[in-house]
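Chains A and B, in that order, are what the protein sequence lines are.
Add 90 to a position in the first sequence, counting from 1, and you land on the number used in our numbering.
Add 551 to a position in the second sequence, counting from 1, and you land on the number used in our numbering.
Beneath this line is the structure, given in structure tokens, with notes to follow.
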Amino acid sequence: MIKAIFFTRFHERKGSRVLHQVPDGAIVPSSSPSALPAPLFNFKDVAQYIIPRQEFRDRLVTVCDNKYRIMGYPVCITDPKYERNEYIFNFVIVLDEDTEFAGHTAIVRKLGRLLRSLEEQGNFLSREEDADIWDKLDATIEEPSGHERAKSPFGDYPPFGNESKVYALCEMILEDLNNYCECMIPIDDSNTINLKLFPKYPPPPPVHAWHVPISTVQLQSLAVSDDLTLNRVIPYINGVRSVAKIADLADVDIHLARKAISHLLYYNCIVLTDIFQFNAIYAQTPAIYNFITGPEMQAECLRYVAKAEAEAKGKAPASVVGSYKKDYKPTLRAKYADDEFDLTKFKPVPEVTEMNLIDLYTSLQHGLSVQNWCIQHADALDGIDVRRLITFGVLKGFLYRVHKYAIAMKEVPHDEDGLGKYLDGMHSFDEICTDLGISSRELEAKLKEYGDVQVIHR
Amino acid sequence: MASLSWSISPTTFNHPPNPSLVAIILVAKSRAGPHFVFHYPPYPKSGSLPPSNPSWYGTTSTKGDTSSESSSGSSGSSDDEESGDRSSRAGSRVTSRGTSGKHEPGLRGTGLREYEDIDEVDREEEDFQEDGSRPLNGASRRPPENDWEEVLGYATGGLENLLCPQPGLNKRRFEVALDILIFLGSPRFVRDDGTWKKRRRRRWSGGNGNNELANVNHSENLDYEAADNQTRNSRISSMNEQDPTFVHPEGFEPGYGHGMLSEVASEAGSEPKSDSTGSMEDEMTLFNVLFVLDPPVNQHILRIKELYDNVAKKFSKALKHEQARSNYVWEECRKILALKAKAKENKTPMSILWPTIMFKSSLARSIAIIYDAISDSKIAHVNLNSSVDTSFQIPQAIFTPYAPTPIHPQQPGLWLTTANIVDDEDSISIMSPHSALLLLEDSEILLKEIESETRERSAPLAFFIRNLTPTKSLQKLSVTCSITMQDVQVLSNHLIYWRRARAIPPLNPRDTYIVSPNADMRALHNATRAFSIRFPSLPPLPKMLNMLSGQTRPFGQLMPSKDHRIAYMEILAWLMRGGWVTQLRTFAWLRIPAKVKKQVADNIEREERHRAKLATVQETNAGSDHAGHAGDEKSPSSLLTRLTLAENSENTDFQPRLTITSPLLRAYRSPNRPGSDTGSEASNVTTIPPLTEQKYPPSESDVSSSDWNRNNNFEYLRYKSFVRDSLIFSPTKANAEESAWIEHICGSFTDSELREMWPHLLQYLDGKHALEEIALREGVKRKRIARLVGLLREGNWLVVARHW
């Protein structure tokens, strides 16, 4: 929430003065009946940061005072038409100190630049000023502005407030950004101020060739992007293919594909997971507690892992998807589960229960590949999509992939296939296989040839 | 554990430590004006740091460029401007200035000033510092004469003014940001009476304060000017020597007029003045240690708070204490400024000057130590004034329950565990007496360190450390060393806070350890070398880790013989210390099979009938009920009777009642249906389906049936839970129904010891307590517990999960 917006102008002789403030009385005391009882902070204390020295102008300058964050973009326009050849102003936004302000910085910067060009083009700011205003303001200058509102000598502050375009601008921006997070304010025939508060996300983690993107939204239905790479890549994201494979199928350079996918990641359109293989090993994390004690997650899992659900293939589970909701049509298997009241009809079918899932998940362990696990639990896995079962656990964070790393104990001789440089314990088998384009079985065979190589599961 | 959300989402994801510290700057203000005293590192860099350490994500790093693109992508036409602006600050400054030497407005109309490098402003006005209109000094428009006169792209002459706040900001957090750089400080002002003992408080009287101060300074300044006159000439000459190309316009020599002006106006004048101008009488009115940060997006508030609370504020406080005691800060400032001035005269390069300053000034040294340690997320030990030894740190997570994922990395090497998560929040600070203490440094090193400094705690601490072993719980330690548990905890907490130790479950060869998913593989190379030096006759580190990979087994089984036990336990401690391994612990829940539920229900019902017979229908005395026709229509209803409902109501008015009965009752509706064999099912169908047949014929369509499910979801779940196996999540808080099941299960045990220990075991079967803890907590032999748990697992009474 923006607490206040104010416009400060540096007067040639009188120094920094607040010309407009919304709400009234937020920055300097005002006697208008609707004004705030006391300013949010002491303007005098921060004035040097609102109109700073030359070298700190034309950049974002923020100062915190009295639990408020005061963000401005001081601008100095140099032109002979002004007195002393300079016109210095700052259009400042005030936020609560502990509000996340990343999104507002762009707004303040943009406003500063916009107002600069408006002033340069048509004296948008300066034409509202005349000597009277300054004379009126003058009366206050000698007063230490402080918080003693009673001392405020001018009854009609802001002196030219309500008719002023700049004041209107302050008002509208405050209202619209707080209410709608955006605003569109026509200035004149050729200028409009368009602002939007964009949420700022942290930069996405790097996307590697051996990651598997899983969509959390209907990527196909996303507004068509101008990014040609993205458009080519999206059809191949199915929750199974690795980035390398997608790049290959889409015939896109792997670096471009990674970049495109990291764009999707930035906007949380996808999540990343590992390459599902039957020789991979998965084990539980402490989050298994959430699954075992969470009937909702179990029900979601039941729906997600049931076979024959071809429709949502390659999609993340509904709760990972977040706001995106889709009514899963009960499949045959799910129907059994739901309709079990009518046991006379479907009695002999071995239905999948929550307890089955719990038993299956808790039986995954270190040193046990999915393949062997499947063999051990063949019966219980009837009607369950193993890949989705594993993926569900990984995405929910209660399973983790136990990656394998190889470490050559001796100095690796130069080898033609380039495997040697991967044997330092920093490259997972997934990575090596993807980079070298070999299967993990081939990799393991090659490692045997190397002799003294220690494989670590981590 | 219960209070901790396991779900992995950005909101619950803990930010890894990232101090984002770019530089530390010391500014001070004397009567003569502000001084940019010192900054460290000599050449701070900002923006080059990636938002978080890319090494956490994997082996190769791709630069995540998307954020910058998206942040500016919306600003349309201003894009170019921004990039231009950012790329060359100096350039834009020059262009925005346009022609130089213009008239600049002064504050209050006290007079116009010409200024081109040399200008004069009244002292009074400097205090207000409202005439931000001063153009760049010569020093920053040309390349600065000395390296140290430009920091982070700003001239120090400008920064010193910006960073000396108004007295209104005294005692408060000082935070100013220039673009992405945040200057965070805790300014300390001299008291009105000129002392530093008590901080004066001048929050909202700022306006008055300004005037007061201004007046004081104004008069002071006159004195100063007088004093200054004596040294002015020498200073001018020295300046001209340094910068022969620079010719001062007549009457505008840097030294002309008030002393402080020269400092602001020209870099050349600023440094010499502070020492050579006889400022010995000059007094400091303010000092401010600024921590410059550039935190990653969305972490500003977190990082600022972290640094301010733990370092900035505490350091300022310590400095103020020293200042009050012995004028320490100001003495040091003058020392540094003198060195700088001398270096300027002698044209000493910064590469020599900076080490000299740090050698001669303990304050500069302290700042450097703090910067180096804090920006590396370490602890800074600072000796400000021989007598005072202070430490600063941003406390860090010592463990994480989250395994790293491609999207949410963890700090590599951070200990992965849930062992430290305690159930009730308030007990977190109090260490469990059952945990052991693992020293993070070799005890010899620690002991040496402790003995070198004589402190009140040294002796007990040394004794404590000598007796510490990671295989023994603190409780045992307290007994064997006859130290009270309270003392043990105090000492332990001391070691833990200063990152010398970590509380862990005692290491035991019977426990299982795995290679931590969070192990820092980048450190493997060095660690392997260190390992082979430490344990020369034993297998190398990769081999050890390989043995801990794959199929899990108790650590003891890795030992080739009993003689290796001590060495292998040392290895284990070494591995734990480096975060290479973590204990794989076992968590269990009690499984209630449907069979048990049915039997319990039957028993209750039987009892019920029996009692009913005895009490009311004694005359019939038939006594044939025990045949147990549990499948009869009557049986569920009698059960209901026992709880609340009227007898025989079921078939007639069951439907409306259903909506109001509690789900608990519903659970008893069909106790015997699936549990009983196929034969009884027909009768069961009649008990439940009325509901579906009346309104929601199940065979109609998918939609309606799913509607039905939604409407009766809870009922349905209860029902399902009854006909199926289920788990008990908190056996200590079991309701009547669950208690009956648990009792029944206990009754089915044939092993007498198991039956005896059952109440003790039960409390650990909640998925939050590791089974490995039981022996320690109950004071029972591990073997015994292992056998009992084995029995339970054999009987398939447990659902067992294994994690750290």
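Positions of the beta carbon are idealized from the N, C-alpha and C atoms, including for glycine.
Of the listed residues the options, nearest to residue i (C-alpha basis)
i, options, result
"S912(B)", "S867(B), I903(B), S926(B), L935(B)", "L935(B)"
"D845(B)", "E726(B), E883(B), W881(B)", "E726(B)"
"V1356(B)", "M1095(B), G1341(B), K895(B)", "Since the first and last residues shown for chain B are 552 and 1355, residue 1356(B) lies out of range."
"T383(A)", "V323(A), D338(A), E444(A)", "E444(A)"
"N180(A)", "Y163(A), L509(A), A370(A)", "Y163(A)"
"A863(B)", "G1341(B), D1276(B), G736(B)", "G736(B)"
"Y922(B)", "P1091(B), I1117(B), I575(B), K596(B)", "I575(B)"
"L837(B)", "S1100(B), Q874(B), P1056(B)", "Q874(B)"
"M1127(B)", "A1321(B), P1057(B), H590(B)", "P1057(B)"
"F740(B)", "V843(B), T1022(B), V880(B), E1288(B)", "V880(B)"
Bridge-paired residues (DSSP) for residue i
i, result
"T375(A)", "Looking at the DSSP assignment, T375(A) forms no beta bridge with any residue, so it has no partner."
"K494(A)", "H547(A)"
"W1140(B)", "D1317(B), V1350(B)"
"Q1134(B)", "Y1064(B)"
"Q78(A)", "Lying before the first or after the last residue shown, residue 78(A) is absent from chain A, which here runs from 91 to 548."
"I1055(B)", "A987(B)"
"L568(A)", "No statement about residue 568(A) is possible, as the shown extent of chain A runs from 91 to 548 and does not include it."
Run of the beta strand (DSSP E) containing residue i, from where it starts to where it stops
i, result
"L572(B)", "572 to 581"
"E726(B)", "725 to 729"
"E286(A)", "According to the sequence provided, residue 286(A) is Lys. The question's Glu does not apply to it. Looking at the DSSP string, the run of the beta strand (DSSP E) that includes K286(A) is 282 to 286."
"R477(A)", "First-last for R477(A): 476 to 486, but that is the alpha helix (DSSP H), not the beta strand (DSSP E)."
"C1032(B)", "Note, C1032(B): premise wrong, no beta strand (DSSP E); not H, not E."
"D514(A)", "514 to 518"
"D155(A)", "151 to 155"
"M445(A)", "Looking at the DSSP string, M445(A) is not in any beta strand (DSSP E); the run it does join, the alpha helix (DSSP H), is 444 to 453."
"S1277(B)", "1277 to 1279"
"P624(A)", "Beyond the ends of chain A as shown, which are 91 and 548, falls residue 624(A); an answer cannot be given."
Run of the alpha helix (DSSP H) containing residue i, from where it starts to where it stops
i, result
"E102(A)", "Looking at the DSSP string, E102(A) is not in any alpha helix (DSSP H), and its letter there is neither H nor E."
"C884(B)", "879 to 897"
"T707(B)", "707 to 713"
"G212(A)", "192 to 212"
"E1323(B)", "1323 to 1329"
"H467(A)", "First-last for H467(A): undefined, no H or E at that position."
Whole-angstrom C-beta distance between residue j and residue i, which should lie under 8 Å
i, j, result
"R1136(B)", "H932(B)", "The pair is not a contact, with the Cβ atoms about 36 Å apart (cut-off 8 Å)."
"T1063(B)", "P1105(B)", "5 Å"
"E711(B)", "P568(B)", "Not quite, the Cβ-Cβ distance comes to about 31 Å (not below 8 Å), so this is no contact."
"R1051(B)", "L990(B)", "6 Å"
"E176(A)", "I167(A)", "7 Å"
"R159(A)", "D186(A)", "7 Å"
"P955(B)", "P292(A)", "Actually they are not in contact, since the Cβ atoms of P955(B) and P292(A) sit about 16 Å apart, beyond 8 Å."
"I480(A)", "L489(A)", "7 Å"
"H456(A)", "V484(A)", "Contact flag wrong, Cβ pair sits at about 15 Å."
Beta-carbon neighbours of residue i, restricted to chain C and to distances below 7 Å
i, result
"R1353(B)", "The chain inventory of the structure shown lacks chain C, comprising the protein chains A and B."
(request) Identify each residue in the region 125 to 142 of chain A for which the Cβ-Cβ distance to at least one residue of chain B is less than 7 Å, and report them in chain order. (result) Here the close residues are N132, K134, D135, A137, Q138, Y139, I141, P142.
(message) Beta carbons nearer than 7 Å to chain A: which residues of the region 711 to 740 of chain B have them?
(response) Listed by position, the residues of the region 711 to 740 of chain B near chain A (Cβ gap below 7 Å) are N712, L713, Q717, G719, L720, R724, E726, V727, A728, L729, D730.
(request) For the region 345 to 357 of chain A, enumerate the residues whose C-beta is nearer than 7 Å to any C-beta of chain B, in chain order. (result) R348, S352, H353, Y356
(message) Against chain B, which members of the region 280 to 313 of chain A pass a CB distance test of less than 8 Å?
(response) N284, K286, F288, K290, Y291, P292, P293, P294, P295, P296, V297, H298, H301
(message) Give me the subset of the region 1093 to 1110 of chain B whose CB atoms are less than 7 Å from a CB atom of chain A, sorted by chain position.
(response) P1093, K1094, L1096, N1097, S1100, G1101, Q1102, T1103
(request) For the region 452 to 475 of chain A, enumerate the residues whose C-beta is nearer than 7 Å to any C-beta of chain B, in chain order. (result) From the region 452 to 475 of chain A, only T452, Q455, H456, G457 have a Cβ closer than 7 Å to chain B.
(request) Could you list the residues in the region 829 to 849 of chain B with a C-beta less than 9 Å from some C-beta on chain A, going in chain order? (result) P847, V848, N849
(request) With 8 Å as the C-beta to C-beta threshold (strictly closer), list the residues of the region 504 to 527 of chain A near chain B in chain order. (result) D514, G515, M516, H517, E521
(message) Taking beta-carbon pairs under 9 Å, can you tell me which members of the region 946 to 966 of chain B lie near chain A?
(response) P952, Y953, A954, P955, T956, P957, I958, H959, P960
(request) Could you name the residues of the region 371 to 382 of chain A whose beta carbon sits closer than 8 Å to any beta carbon of chain B, in the order they occur along the chain? (result) A373, Q374, T375, P376, A377, I378, Y379, N380, I382
(request) With 8 Å as the limit, tell me which residues of the region 1301 to 1333 of chain B have their beta carbon closer than that to any beta carbon of chain A; keep them in chain order. (result) The region 1301 to 1333 of chain B vs chain A, Cβ under 8 Å: G1318, K1319.
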